[in-house]
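First the structure, in the form of structure tokens, and then the observations on it.
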């Protein structure tokens, strides 16, 4: 949450031992905890909602007749991955994750109809359209489909990662413990510590755990104009069981705690359709300081710095002053930032959203 | 992906007045029915795995088969589809650590979150089979890698999602060699005994989570693997893989499944 907070440069061996800063948004009270303390921090009748998507190896090295390019898939196709599916993607120029994205050269400009070839074995894609808002944002159509396409993507793709890490990630580093359909292009990392033993302990104590699927997109491109568009519209699916769990929790005045900012966007976005109901949609909602939370009361998330869109979202949960002092505490106490870093939970003492 | 790609059979389950985009997360007719379930079967290009894949698809499951050889796998998938089954094939070696998350990711992309997995692929080790004193350490390690670590890694990558959803079924294909000591079957038998114990331990750890673990000894079947192990056996006395597949599919659909159980071949027919 501040420049003084050093990033975690590699995944923890033991995610459950991740530090957790508990923030009372009203009093500004802070407590140093561990992720493993969550069963004590939450109360029977509270509801945790997690994002159950798996993470694709979304970075693909490609060649075009205009030069080399790195493609970062920005999400899954809106529909099934069939032959006509369009994959949103962001183009990067030469270089690799080891450089800061803002230091990388611009990609060669691609136009509608241009072909990108990936690796040996001949996977290729056509540029179907280029966004009017940024020429680095394109829609691609691959020349394969189904099992053949997915196998090839998994063979050629690498996890999207940034220069603060000390080495190349493997695919297993970017999966949450309960990951399922691979809709995310960056890991919804707030749930990293929620391994099966911790989930069981939470449930044993009467905390409900429900899930939704939200296609977490790219967090940064290094291009200010493009970054201003993030997060792009993202696919969300809320199952009926989760709608019921939310209703039950609201009725009993339990607290709904989102695990990760993607869950906040997904739930608040779908709740805006009023009432919250099951189904699939594109979430366009952007959440900042003025947002009045409809269904979410609390948030378990990483430590986010001012200037990130995630920090804007945090201000819907706690006043800026409380967040700033929490950040100063975290920096002094040696908390680590970024996707493999420590966690905060912003937790009101009572349910606050209207439901 | 997954739910959005409903098969016609899946659609039949739902009220017709619902917007197709909203058909997600609802409960199925029976907690044990294979219809509309997503199932991963390893070693699915031949023998019991192929027969079980076909049988589960016939019952309406969305099936993903894995195998090392692409050609036989494609043929099997095409056969199942020709019979109007929902099947997909992924080429993968169960002994390769790097293949685990690609298989789970691609499988869930194709058929949705996995409801069941059948850990069927296994290796005999070098044939003709040989006594332990003639078994190379590296050969034993390789058998354990494929028959024990492979299933462990795959199940580990999926059970978290099953625990979250509060349901799931993991079936390990075992062997009589896991409980009886037969000369020359040491490497294979040890790996299957360990697989049984792995699933048993998991069932204890995840008791009350809704995730079930089961070991099944399919008995002797007339398969290529059987011929490799016992080239001189009388094939006419052996069960066919498709008969056994029907019994295992019945078992997977049984509402009397007890987690942590090991079913010997003698009980397979009557269990479900």
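Chains as they are written, first to last, in the numbering used here: chain A, 202 to 556; chain B, 3 to 274. Beta carbons are placed, not taken as given, at the ideal position from N, Cα and C, and that holds for glycine.
Three-way DSSP call (helix, strand, coil) for residue 483(A) in this model: Walking along the first chain from the start, residue 483(A) turns up at place 282. Residue state, collapsed to three classes: strand.
Neighbourhood of residue 23(B) by C-beta distance below 7 Å, restricted to the same chain and skipping five residues each side: Mapped onto the second chain, residue 23(B) falls at position 21. Since pLDDT at residue 23(B) reaches only 39, below the 50 mark, its modelled position is unreliable, and no value is offered.
Sequence-distant residues of the same chain with beta carbon closer than 6 Å to residue 178(B), five excluded per side: For the purposes of this step, residue 178(B) is taken as residue 176 along the second chain, with counting starting at 1. Within the same chain, residue 178(B) has close Cβ partners 219.
Minimum Cβ-Cβ distance from residue 166(B) to chain A less than 8 Å: Within the second chain, residue 166(B) is the residue found at index 164, counting from 1. Answer yes: the Cβ-Cβ gap between residue 166(B) and chain A drops below 8 Å somewhere.
Against chain A: residues of the stretch 86 to 111 of chain B by CB proximity under 7 Å: 90, 91, 92, 93, 103, 104, 107, 108, 110 and 111
Nearest residue (CA-CA) to residue 263(B), options 188(B), 231(B) and 176(B): Numbered from its first residue, the second chain carries residue 263(B) at position 261. Closest option to residue 263(B), Cα to Cα, is 176(B).
Positions along the stretch 427 to 438 of chain A whose CB lies within less than 8 Å of some CB in chain B: 438
Nearest to residue 516(A) (by Cα), restricted to the options 489(A), 456(A), 505(A) and 260(A): Taking the first chain and counting its residues from 1, one reaches residue 516(A) at position 315. The option with the nearest alpha carbon to residue 516(A) is 489(A).
Straight-line gap, residue 208(B) to residue 201(B) (C-alpha atoms, nearest Å): The count along the second chain starts at 1 and reaches residue 208(B) at position 206. The count along the second chain starts at 1 and reaches residue 201(B) at position 199. Distance between the alpha carbons of residue 208(B) and residue 201(B) is about 10 Å.
Validate contact between the stretch 139 to 156 of chain B and the stretch 83 to 92 of chain B using beta carbons, cut 8 Å, 3 pairs: no
Residue nearest to residue 152(B) in terms of C-alpha spacing, selected from 74(B), 76(B) and 69(B): Position 150 of the second chain holds residue 152(B). For the residues 74(B), 76(B) and 69(B), the minimum Cα distance to residue 152(B) belongs to 69(B).
Chain A within 8 Å of residue 261(B), Cβ atoms only: Mapped onto the second chain, residue 261(B) falls at position 259. No - not a single Cβ of chain A is within 8 Å of the one on residue 261(B).
Distance CB(residue 361(A))-CB(residue 341(A)) smaller than 8 Å: Working through the first chain from its first residue, we reach residue 361(A) at position 160. Working through the first chain from its first residue, we reach residue 341(A) at position 140. Not closer than 8 Å, so no.
Proximity to residue 494(A) [Cα-Cα], best of 552(A), 272(A) and 530(A): Here residue 494(A) refers to the residue found at position 293 of the first chain. Out of 552(A), 272(A) and 530(A), 552(A) has the C-alpha closest to the C-alpha of residue 494(A).
Alpha-carbon spacing of residue 172(B) relative to residue 496(A), whole angstroms: The count along the second chain starts at 1 and reaches residue 172(B) at position 170. The count along the first chain starts at 1 and reaches residue 496(A) at position 295. Answer to the nearest angstrom: the Cα atoms are 36 Å apart.
Those runs of the beta strand (DSSP E) which lie wholly inside the stretch 262 to 341 of chain A and span at least 3 residues: 268 to 274, 288 to 293, 316 to 319 and 324 to 331
Complete alpha helix (DSSP H) runs within the stretch 214 to 248 of chain B (minimum length 4 residues, chain order): Listed in chain order, they are 226 to 231.
Which listed residue (539(A), 535(A), 521(A) and 537(A)) has its alpha carbon closest to that of residue 229(A): Residue mapping note: residue 229(A) aligns to position 28 of the first chain, counting from 1. Of the candidates 539(A), 535(A), 521(A) and 537(A), the one whose C-alpha sits nearest the C-alpha of residue 229(A) is 521(A).
Cβ of residue 249(A) within 8 Å of any chain B Cβ: To locate residue 249(A), count along the first chain from 1; it is residue 48. By this cut-off, residue 249(A) is not an interface position.
Bridge-paired residues (DSSP) for residue 235(A): Counted from its first residue, the first chain places residue 235(A) at position 34. Among the bridge pairs identified by DSSP, residue 235(A) is matched with 220(A).
Ordered list of beta strand (DSSP E) runs contained in the stretch 362 to 436 of chain A, each at least 3 residues: Counting only runs of 3 or more, we get 409 to 415.
Local conformation of residue 107(B) per DSSP, three classes: On the second chain, position 105 is the one that residue 107(B) refers to. DSSP places residue 107(B) in helix when its eight states are reduced to three.
Residue-chain proximity (residue 115(B), chain A), Cβ-Cβ < 8 Å: Your numbering for residue 115(B) matches position 113 in the second chain. It does; some Cβ of chain A falls within 8 Å.
C-alpha distance - residue 170(B) paired with residue 392(A), whole-angstrom precision: The count along the second chain starts at 1 and reaches residue 170(B) at position 168. The count along the first chain starts at 1 and reaches residue 392(A) at position 191. Linking residue 170(B) to residue 392(A) through their CA atoms gives a straight-line distance of about 21 Å.
Length of the line joining the Cα atoms of residue 241(B) and residue 432(A): Locating residue 241(B) in the second chain gives position 239, where the first residue counts as 1. Locating residue 432(A) in the first chain gives position 231, where the first residue counts as 1. Using only the alpha carbons, I get a separation of about 57 Å.
Beta-carbon proximity of residue 545(A) to residue 247(A), cut-off 8 Å: Translated into positions along the first chain, residue 545(A) becomes position 344. Translated into positions along the first chain, residue 247(A) becomes position 46. A distance of 8 Å or more separates the beta carbons of residue 545(A) and residue 247(A).
Start and end residues, alpha helix (DSSP H) containing residue 175(B): Numbered from 1 along the second chain, position 173 holds the residue referred to as residue 175(B). Not the alpha helix (DSSP H): residue 175(B) falls in the beta strand (DSSP E), residues 170 to 175.
Element boundaries [alpha helix (DSSP H), containing residue 524(A)]: In the first chain, residue 524(A) corresponds to position 323, counting from 1. Residue 524(A) -> alpha helix (DSSP H) spans 521 to 533.
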